[in-house]
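To start, the structure itself, in structure tokens.
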């Protein structure tokens, strides 16, 4: 779709008076699809039965894109030909007029494969009991084998490119699609609004449609099997782009190039042949050099270098500098977004650019795979004796159970996924003929509650098992949220508040859930006595969770770089320059309210992210459960950076400036997991084994076995993990720019925050049991190993800097406050919270007693009814650094005091760094009304934790906090006169530690007989 012809356009030549102009609720969409299919089977019967190993319904789907294929969706051609949605009024808007460009939606969506496959069966009785369990397998072929089966295979080849853009050219964008209101004259006694517009670009490799690949079974009596198997392979490139960041202006002047080469003797003179070596040169430069040196010099372009041959030189040389003149270039402004431009004054009016949103996303694979079974009586669907088993090795993903789901997703090693969002939300009031002559009086200007986001995900799934991604990148060049005013602001309110800008990159992101709900009895589904969760990553590369109800999640990020960059500015700018009274173009702010507050900016990069949950609830429960999560990474770099600038003029009269509550954050995490299991029995929770056993070594990993187990494994190799923030929150008429100063006004820089967090491994593992009576055992095991170098850095400047003109005090009869601003940098190798809780009226465990064994080599074990084992090793260097400047500066140029009849407060600000190798919080909570078993068979509980750090750990905080009042011509009365200056309650800290552990075992009840153990 091309908006070059004009798009949605309302054009008025002349004035708009006493009228309403609406350009609202228009839409434009461009969709491009390689393959799209929806397949469904529906069965509605009284009874469904089959012979042994029979199949009732099966759906299979294959979608492939091969060869050199370009799938592009774009809403383009904006720029010089005009935005997609435009109001253009050549002269004034007045006499209670209303002009709007709101609620418009622009979408560009490109996808390789989109598919949905479903089976829906409803019957009173579904009975397909056979000798084989259901199975879902991905081993190159995608196989679903069960009475009800769905198989889906999607693939995009490496030669395929998929792009979605709201720009003129996705490869080299120079202009972006926008929603624009342009008024050539003034706005008087009227309102102009551009609200709630949306600009979206999304690119996807493989997707499941709404509902995903699904099997839904509903009945009264059910004994059957079901399997869903899905495979997605994305080897091509994805790009989504919104807007252009523009190009900087180039000033006029001389450009000098250095040529290196050799000289040869030509009979009394020398010939020189040489070349540049810095690259990036063009034919335009060659032409300029040939014009500047017309005789005896020949310049030619050789790739992106320039060659020169000169004759008739007096001496031999090995290098020579040649220059050419350039007239400079104006550059190009950032484009794309929602803007209102007013040519002259804004008087007694309101202008708003609020609630608009731009978002770009690039997702390699996205899948939802599920089985839903709802019955009054649910029996085994197979006569096989084995437990439910989820097994993943290096090439095969297998789930075997009555209800089995297998999902495999991969992003190729050479695939590049990128999302770039660069847009402008703004109001500009600049003189049509003289940019610095536009006044705002008795008016309200607002650029607020707008959002910009860029998202990249390699794999995204709503199910379990293997995920892998390699070489992902996300660069978000996000432009400005700004109100620009040519000259004076009088008796007005200007707000740039509550805007949000975010950039997010995930290698793998998954949410896996197993939910088993029974109103009466949940019986054992197999003869397996103990649930087992075994990562086995270093022995045979096979990970398994074995239990009646099991969940296994395995994720890997391969070699490559994951990166997120966010850069943005939020501000109010007045264009008048020069000293007050000396230049008619000076901008004055009087009797007004200025605010640039509550803006939020973030950059987040995560290699593997998982939320795994097993929930079992019923009357009487005799089954068991296992949850295993394995996350590994060989990524070279995991990086996140966020640069934020907040500014507005402080040299105001009888006005208020607020630069408050802004937040800037960057987080880089390689592995992050939240693993939870809840088991709730209304009556009894029956054990099929005795104690929980958690044990292993670093060589062959640690295995968890009990009635119910949660095992988390995370490993990071030689990786650089970097998070950084740069934050500037200050007045933008600072430094040597002489002003009227702060006169009878209030300037606040309060409650702003900046935080940089870099972590190699992070986990939260929990297991909760509850029943009326219980003798079940449970264990939580966490194992984390990191060799990554982890760095977090945060730099912040927050304050006020004013220089007074002539004999004007920089601050007079006013208050400047810099307070409660906070900057934090946190860097860590491994961090975890492990919790196990057991609550019952009566416990009747028969325990052999709590036993633990820990040693320096990591050959560790713990045995107890309820046990937690934590194993952490860090060998990488950990560094956290903060550099801050908090303060006020007042520089008097003339003889007036620097601070006159005013207050300056720099109070309650903080800067902190925290660096650690390993950190753990381990908790066991045991609550029983009765635990009557006598020794040695009584219930036991234990915590064991082993942490080893061999990497350097450093934390540093550098700060300049205070008030400076100075001036070469300050009168004898002093630099501070009849004023108060305070620098109180500020705090600086730096903390570094190799290992930190908090272990808490809580026992409560009425008649409790328990053997606790904390080694």
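Numbering (the working numbering), first residue to last: 7 to 1021.
Where a beta carbon is used, it is the ideal one built from N, C-alpha and C, also for glycine.
As the structure is a prediction and not an experimental result, all values here were calculated from the model.
**Request:** Measure the beta-carbon distance from residue 740 to residue 649 and round it to whole angstroms, keeping in mind my assumption that it falls under 8 Å.
**Result:** To locate residue 740, count along the chain shown from 1; it is residue 734. To locate residue 649, count along the chain shown from 1; it is residue 643. Not a contact, Cβ separation roughly 18 Å.
**Prompt:** Since residue 225 and residue 163 are thought to touch, with beta carbons under 8 Å apart, how far apart are those beta carbons, to the nearest angstrom?
**Reply:** Numbered from 1 along the chain shown, position 219 holds the residue referred to as residue 225. Numbered from 1 along the chain shown, position 157 holds the residue referred to as residue 163. Between residue 163 and residue 225 the Cβ distance is about 43 Å, and since that is not below 8 Å, they are no contact.
**Request:** With a cut-off of 8 Å on the beta carbons, I'd call residue 281 and residue 265 a contact; round off their distance for me.
**Result:** For the purposes of this step, residue 281 is taken as the residue at position 275 of the chain shown. For the purposes of this step, residue 265 is taken as the residue at position 259 of the chain shown. Between residue 265 and residue 281 the Cβ distance is about 6 Å, and since that is below 8 Å, they are a contact.
**Request:** Out of 155, 120, 111 and 118, point me to the one whose CA is closest to residue 127's CA.
**Result:** Looking up residue 127 in the chain shown gives position 121. The residue with the shortest Cα to Cα distance from residue 127 is 155.
**Request:** Hey, could you find the ends of the alpha helix (DSSP H) residue 291 is sitting in?
**Result:** As a position in the chain shown, residue 291 is number 285, starting the count at 1. Run containing residue 291: 289-298, per the alpha helix (DSSP H) assignment.
**Option in 628, 903 and 644 with minimal Cα separation from residue 612** = Position 606 of the chain shown, counted from the first residue, corresponds to residue 612. If we check each option's Cα against that of residue 612, 644 comes out closest.
**Request:** Keeping to the same chain, check which residues put their C-beta closer than 6 Å to that of residue 927; ignore five residues upstream and five downstream.
**Result:** By one-based count along the chain shown, residue 927 stands at place 921. Within the same chain, residue 927 has close Cβ partners 839 and 1004.
**For residue 953 and residue 456, the rounded distance between their alpha carbons** = Mapped onto the chain shown, residue 456 falls at position 450. Mapped onto the chain shown, residue 953 falls at position 947. Distance between the alpha carbons of residue 456 and residue 953: 46 Å.
**Reduced DSSP secondary structure (H/G/I, E/B, other) of residue 278** = In the chain shown, residue 278 corresponds to position 272, counting from 1. Reduced to three states, the DSSP call for residue 278 is strand.
**Prompt:** If you draw a straight line from the alpha carbon of residue 699 to that of residue 411, how long is it in whole angstroms?
**Reply:** In the chain shown, residue 699 corresponds to position 693, counting from 1. In the chain shown, residue 411 corresponds to position 405, counting from 1. Going by the C-alpha atoms only, they are around 28 Å apart.
**Asked** Taking the continuous beta strand (DSSP E) assigned at residue 865, which residues delimit it?
**Response** Numbered from its first residue, the chain shown carries residue 865 at position 859. Per DSSP, residue 865 belongs to no beta strand (DSSP E) and is neither H nor E.
**Prompt:** If you count every other CB in all the chains shown that lies within 10 Å of the CB of residue 541, and 16 or more means buried, which is it?
**Reply:** The sequence position of residue 541 within the chain shown is 535, counting from 1. Classification of residue 541: buried, given that the 10 Å Cβ count is 16 or more.
**Item:** Beta-carbon proximity of residue 670 to residue 607, cut-off 9 Å
**Value:** Here residue 670 corresponds to residue number 664 of the chain shown, with the count starting at 1. Here residue 607 corresponds to residue number 601 of the chain shown, with the count starting at 1. The answer is yes: Cβ separation under 9 Å.
**Item:** Proximity to residue 378 [Cα-Cα], best of 803, 219 and 318
**Value:** Against the chain shown, residue 378 aligns to sequence position 372. Checking every option, the nearest Cα to that of residue 378 belongs to 219.
**residue 71: first and last residue of the uninterrupted beta strand (DSSP E) it sits in** = For the purposes of this step, residue 71 is taken as residue 65 along the chain shown, with counting starting at 1. Unbroken beta strand (DSSP E) run through residue 71: 63-71.
**Message:** Between residue 343 and residue 184, how many whole angstroms is the CB-CB distance? I'm expecting something under 8 Å.
**Reply:** Translated into positions along the chain shown, residue 343 becomes position 337. Translated into positions along the chain shown, residue 184 becomes position 178. The Cβ separation is near 6 Å, so the contact holds.
**Request:** Please classify residue 676: is it buried, with 16 or more other beta-carbons within 10 angstroms of its beta-carbon, or exposed?
**Result:** Numbered from its first residue, the chain shown carries residue 676 at position 670. Counting Cβ neighbours within 10 Å, residue 676 comes out buried, since at least 16 surround it.
**Request:** Would you identify the three-state DSSP class for residue 4, choosing helix, strand or coil?
**Result:** For residue 4 there is no data in the structure shown, the boundaries of the chain being 7 and 1021.
**Message:** In the DSSP assignment, the beta strand (DSSP E) including residue 94 goes from what residue to what residue?
**Reply:** Taking the chain shown and counting its residues from 1, one reaches residue 94 at position 88. Residues 91-95.
**Asked** residue 243: buried (16+ other C-beta within 10 angstroms of its C-beta) or exposed?
**Response** Here residue 243 refers to the residue found at position 237 when the chain shown is read from its first residue. Residue 243 should be labelled buried.
**Prompt:** How would you label residue 809, buried or exposed, when you count the other beta carbons within 10 angstroms and need 16 or more for buried?
**Reply:** Along the chain shown, one-based indexing puts residue 809 at 803. It counts as buried.
**Prompt:** Who pairs with residue 554 in a beta bridge, going by DSSP?
**Reply:** For the purposes of this step, residue 554 is identified with residue 548 of the chain shown, where counting begins at 1. In the DSSP output, where bridge partners are listed per residue, residue 554 has none listed.
**Request:** Spatial neighbours of residue 983 within its chain, please: CB distance less than 6 Å, with the 5 preceding and 5 following residues excluded, ordered by chain position.
**Result:** To locate residue 983, count along the chain shown from 1; it is residue 977. Closer than 6 Å at Cβ, skipping near neighbours: 903 and 906.
**Request:** Spatial neighbours of residue 544 within its chain, please: CB distance less than 7 Å, with the 5 preceding and 5 following residues excluded, ordered by chain position.
**Result:** Taking the first residue of the chain shown as position 1, residue 544 is located at position 538. Legend: pLDDT at residue 544 = 48, less than 50; position of this residue unreliable, value from coordinates given subsequently. Closer than 7 Å at Cβ, skipping near neighbours: 705, 706 and 707.
**Message:** Considering only their Cβ atoms, is the gap separating residue 33 from residue 110 smaller than 9 Å?
**Reply:** Mapped onto the chain shown, residue 110 falls at position 104. Mapped onto the chain shown, residue 33 falls at position 27. Yes, the pair counts as a contact, with Cβ atoms nearer than the cut-off.
**Message:** Check for me: the beta strand (DSSP E) holding residue 207 runs from which residue to which?
**Reply:** Here residue 207 corresponds to residue number 201 of the chain shown, with the count starting at 1. Counting along the chain, the beta strand (DSSP E) containing residue 207 begins and ends at 204-224.
**Prompt:** How would you label residue 807, buried or exposed, when you count the other beta carbons within 10 angstroms and need 16 or more for buried?
**Reply:** Stepping through the chain shown from its first residue, residue 807 is reached at position 801. The residue is buried, with at least 16 neighbouring Cβ atoms inside 10 Å.
**Request:** With DSSP as the reference, please indicate the residues paired to residue 740 in a beta bridge.
**Result:** By one-based count along the chain shown, residue 740 stands at place 734. Bridge partners of residue 740: none, in fact.
**Prompt:** What first and last residue would you give for the beta strand (DSSP E) that runs through residue 683?
**Reply:** Within the chain shown, the letter at position 677 stands for residue 683. Here the beta strand (DSSP E) through residue 683 covers 669-687.
**Message:** Alpha carbons only, please: which of 445, 764 and 785 is nearest the one belonging to residue 678?
**Reply:** In the chain shown, the residue the question calls residue 678 occupies position 672. For residue 678, the nearest C-alpha among the options comes from 764.
**Asked** Given that a residue counts as buried once 16 or more other Cβ atoms are within 10 Å of its Cβ, and exposed if not, what is residue 31?
**Response** The residue you call residue 31 lines up with position 25 of the chain shown. Label assigned to residue 31: exposed.
**Item:** Inter-residue CB distance, residue 18 and residue 96 (contact presumed, cutoff 8 Å)
**Value:** The count along the chain shown starts at 1 and reaches residue 18 at position 12. The count along the chain shown starts at 1 and reaches residue 96 at position 90. Confirmed, about 7 Å.
**Item:** Span of the beta strand (DSSP E), counted from its first residue to its last, around residue 1030
**Value:** With the chain running from 7 to 1021 in the structure shown, residue 1030 is simply not present.
**Prompt:** Along the chain, which unbroken stretches of the beta strand (DSSP E) at least 3 residues long are found entirely within the region 792-829?
**Reply:** 795-810 and 821-825
**Prompt:** At what residues does the beta strand (DSSP E) containing residue 639 begin and finish?
**Reply:** Numbered from 1 along the chain shown, position 633 holds the residue referred to as residue 639. Start and end: 631-639.
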